[in-house]
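J.: Following this message is one structure expressed as structure tokens.
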Amino acid sequence: MISNIIINKNICVLPNSSIKNALKVIQKNSERICFVINKNNTLIASISDGDIRRGLIAGKKLEDKINNIKNTKYKFLQIDLSPDEAYKKFPKNINLLPVIGKKRKFLGIIRKQDLVPYLDIKSKKILILGLGYVGLTLALVLAETGFKVVGYDKNKKLLNKISKKKSPFYEKGLDRYLEENYKQNFRVSDKPIVSDIYIVSVGTPLTKSGKKPNLSNLKQSILSICPLLKVQDLIILRSTVPVGCTRDFVIKIIEKKTKLKFGKDIFISFCPERTVEGQAIEELKRLPQIVGNYCKKSSELTQKIFSEYNSTVIEVESLESAELAKLIDNSYRDTIFAYSNQLSKLSEKLNLNLVDIIEKVNLGYERNNIPKPSPGVGGPCLSKDSYILSSNFDKLRIGGENLIFLSRKVNESMTYNLFSRIKKKLGSLKKNKNCKIFMTGFAFKGFPETSDMRSSTTLDLLHLLKKNKYSNIWGHDYKVSSKHLKNLKIRTCSIDQGFKDADAVLIMNNHQNYAKLNIYKLLKKINKPMLFLDSWQIFEPLEINSINGISYISVGKN
1 MISNIIINKN ICVLPNSSIK NALKVIQKNS ERICFVINKN NTLIASISDG DIRRGLIAGK
61 KLEDKINNIK NTKYKFLQID LSPDEAYKKF PKNINLLPVI GKKRKFLGII RKQDLVPYLD
121 IKSKKILILG LGYVGLTLAL VLAETGFKVV GYDKNKKLLN KISKKKSPFY EKGLDRYLEE
181 NYKQNFRVSD KPIVSDIYIV SVGTPLTKSG KKPNLSNLKQ SILSICPLLK VQDLIILRST
241 VPVGCTRDFV IKIIEKKTKL KFGKDIFISF CPERTVEGQA IEELKRLPQI VGNYCKKSSE
301 LTQKIFSEYN STVIEVESLE SAELAKLIDN SYRDTIFAYS NQLSKLSEKL NLNLVDIIEK
361 VNLGYERNNI PKPSPGVGGP CLSKDSYILS SNFDKLRIGG ENLIFLSRKV NESMTYNLFS
421 RIKKKLGSLK KNKNCKIFMT GFAFKGFPET SDMRSSTTLD LLHLLKKNKY SNIWGHDYKV
481 SSKHLKNLKI RTCSIDQGFK DADAVLIMNN HQNYAKLNIY KLLKKINKPM LFLDSWQIFE
541 PLEINSINGI SYISVGKN
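Going by my numbering, the first residue of the sequence shown is number 1, and it counts up by one from there.
Written out as structure tokens, the structure is:
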């Protein structure tokens, strides 16, 4: 016997209804169809939006009765059919049929996918909203796994590049995935399309004033899919949001706009993205996937999706638990980095080498995993997620010192501290504002390598240099294109060109290629005396300092 019937009398009209009334019923139910029943609930006919459209083209008016457009040759299912028998009776292009009992009594409707076992999750169509680092990598992994995936983004330049199978940013393995999957299981669209699963992966920036979470991108994405949503659809949120946002913001918008009820008509889960740029494709398959759900069916559907490509899927007890899990991941790292960065200011005053000290206290001591200090902590996640988490502290009026917020402030102060040291050192070397400054490492991190400059501390330092009238700045990066560097209004160059006649060389990230440089040969090209900033202590400080005319500094060492 057929189960999972959706009992919905609001999808029905009486035989004397007008075309306009039928159209209103179809519009309200988002099923693109309604059924004609009499006062005894006997099923008589079906009317689809296509039937109405054809009738209007043929000259019918909205006030006309439905008799001339109704379809009496519609398909239906008997309640006593087995799920397998019912599934086989679905015509190829029909996804919804009415279910009848004795004397053709209308009992409800059922969708084809409700008869498909959950193991056949790959039969569901997926729309991913937002094709940045998070959305595009996930789309391609799902596509390679066998899902039919469409990626939606408003950025037409981005879509054009993807459609030519060109990576819009550097990500290890991305070129191959694009080449093998585009126009196979993956394609792009400049507008949302009807799907079964909607994965929202748009960014959540901060407001310019107050640094509070700005949910406008998320809201626009949710509103864009509301007209498309139908019974049994699943929504998965990947965007970083404050705790409570999915339930109190997203669900309320959708239920208000669609009249569909979560847990009954449609389903939702929050599944945080946890990958690191540069290794996203690999980590999507390897790192445990956290799933927070609204109800049992949300959990079952979501876990089936991620289990197709990841062997470890971890369910947490609620949407809010998953939202907090995401914020914990990034704010924890931001906080421990702040610990070392705070210590770096002390070691610089004491003229001690913090990097060397940290290496020694970590060595063979299992309880320590202290990170090296850095020029600051940038990137699109760590630079904002502590603020998003702190917004929950503010909302709940949790008093006292907020360690997470203070840690973020420590990391933000590193660029200003570094600039002050550079300015002071250049002054002591008698360098004027037109001295040649060579900066290399504009991506927000060097390892794993990426081309992403969002919230890069190098850009913060560049801004401070320009603000203080340093005008002769040259730039280089191993992954950021020269075109993007030129947009920063600096002169682009190779490593060799950058070192030649430089008054200051600033190595800003920890890309592995720096360690491969013949640094002693390059330092013969500079304009002595010169400042050499080795932010991550890639080179041995004592050896560089021993070279006549080189003034060496790093983060954590003067």
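Each residue gets a CB set at the ideal place from its N, CA and C atoms; glycine is no exception.
1) Go ahead and pull the three-state DSSP assignment for ILE405.
2) Please return the same chain residues whose Cβ sits closer than 6 Å to the Cβ of TYR478, not counting the five positions on each side in sequence.
3) Under a Cβ-count criterion, where at least 16 other Cβ atoms within 10 Å of its own Cβ denotes burial, should CYS295 be classed as buried or exposed?
4) Have a look at PRO117 and ASN95 and give me their C-alpha separation to the nearest angstrom.
5) In the DSSP output, which residue or residues are listed as bridge partners for VAL188?
6) I'd like to check one pair, ASN351 with ASP385: are the Cβ atoms closer than 7 Å?
7) On the CB-based measure, 16 or more other CB atoms within 10 Å of its CB, does PRO272 come out buried or exposed?
8) ILE290 and THR137: beta carbons closer than 7 Å?
9) How many angstroms separate the CA atom of GLY399 from the CA atom of ASN392?
10) Alpha carbon to alpha carbon, how far is GLU449 from GLN279?
11) Between which two residues does the beta strand (DSSP E) containing ARG111 stretch?
12) Pull up the distance between the alpha-carbon of ILE550 and that of GLY210, whole angstroms please.
13) On the DSSP bridge assignment, give the partners of ASP573 in chain order.
14) Residues in the same chain with beta-carbon distance under 8 Å from ILE277, minus the five sequence neighbours each way, listed in chain order, please.
15) Among ASP175, LYS161 and SER221, which has the Cα closest to the Cα of VAL202?
16) Quick check: the Cα distance between GLN303 and PHE270, rounded to an integer number of angstroms?
17) Mark ARG367 as exposed unless 16 or more other C-beta atoms lie within 10 angstroms of its C-beta, in which case mark it buried.
18) So, at 8 Å on beta carbons, what are the nonlocal neighbours of LEU119 in its own chain, with the 5 sequence-adjacent residues on each side left out?
19) For the alpha helix (DSSP H) containing LYS230, name the first residue and the last one.
20) Please report the straight-line C-alpha distance between THR492 and HIS484, rounded to a whole angstrom.
21) What does the Cβ neighbour count give for LYS372, buried or exposed, with the cut at 16 atoms within 10 Å?
22) Counting pairs of Cβ atoms below 8 Å between the region 317 to 336 and the region 344 to 358, do you hit three or more?
23) Assuming ILE253 and ILE199 form a contact by the criterion Cβ under 8 Å, report the distance between their Cβ atoms to the nearest whole angstrom.
24) Could you check whether the region 329 to 347 touches the region 542 to 549, counting it as contact only if at least three pairs of C-beta atoms, one from each stretch, sit closer than 8 Å?
25) With a CB to CB cut of under 7 Å and the five nearest residues on each side skipped, what residues in its chain are close to LYS124?
26) Given this structure, state the Cα-to-Cα distance separating SER311 from LEU287, to the nearest angstrom.
27) Spatial neighbours of PHE169 within its chain, please: CB distance less than 7 Å, with the 5 preceding and 5 following residues excluded, ordered by chain position.
28) Output needed for ARG247: all residues of its chain with C-beta closer than 6 Å, excluding positions within five of it in sequence on either side, in chain order.
29) Of the residues LEU215, PHE532 and VAL25, which one's Cα is nearest the Cα of ASN10?
T.: Inspection of the coordinates gives the following:
1) The sequence shown places Phe at residue 405, rather than the Ile named in the question. Three-state DSSP puts PHE405 in a helix.
2) Exclusion of the five residues before and after TYR478 leaves HIS511 and ASN513 as the residues of its chain whose Cβ lies within less than 6 Å of its Cβ.
3) CYS295 should be labelled exposed.
4) In this predicted model, PRO117 has a pLDDT of only 49, less than 50, meaning its place in the structure is not dependable enough to derive any value.
5) Looking at the DSSP assignment, VAL188 forms a beta bridge with GLY151.
6) Taking a C-beta distance under 7 Å as the contact criterion, ASP385 and ASN351 do not qualify as a contact pair.
7) Answer is buried; the Cβ neighbour count reaches 16.
8) It is not a contact, given that the beta carbons lie outside the stated cut-off.
9) When rounded, the distance between both Cα atoms is 12 Å.
10) It is roughly 9 Å from the alpha-carbon of GLU449 to the alpha-carbon of GLN279.
11) Element bounds for ARG111: 106 to 111.
12) Near 42 Å, if we compare the C-alpha coordinates of GLY210 and ILE550.
13) Any property of residue 573 remains undetermined from this structure, which presents the chain solely from 1 to 558.
14) Reading off the sequence, residue 277 comes out as Glu, not Ile. For GLU277, where only same-chain residues beyond five positions count, the Cβ hits under 8 Å are TYR133, GLU171, GLY379, LYS445, PRO448, THR450 and ASP452.
15) With distances taken between CA atoms, VAL202 lies nearest to SER221 out of ASP175, LYS161 and SER221.
16) GLN303 and PHE270: Cα-Cα distance of roughly 11 Å.
17) That one is exposed.
18) With a pLDDT of only 48 at LEU119, under the threshold of 50, the placement of this residue in the model should not be trusted; the figure read from the coordinates follows. Correct list, in chain order: LYS304.
19) No alpha helix (DSSP H) holds LYS230; DSSP gives it neither H nor E.
20) When rounded, the distance between both Cα atoms is 10 Å.
21) LYS372 counts as buried, since at least 16 other C-beta atoms from the protein chains shown sit within 10 angstroms of its C-beta.
22) With the cut-off at 8 Å, the region 317 to 336 and the region 344 to 358 do not touch.
23) Not confirmed; about 17 Å, so no contact.
24) No contact exists between the region 329 to 347 and the region 542 to 549.
25) Excluding positions up to five away in sequence, the list reads GLN113, ASP196 and ILE197.
26) Taking the straight line from one Cα to the other gives about 9 Å.
27) Same-chain partners within the cutoff: TYR133, SER451 and ASP452.
28) So the qualifying residues of the chain are LEU319.
29) Residue VAL25 holds the alpha-carbon nearest to the alpha-carbon of ASN10 among LEU215, PHE532 and VAL25.
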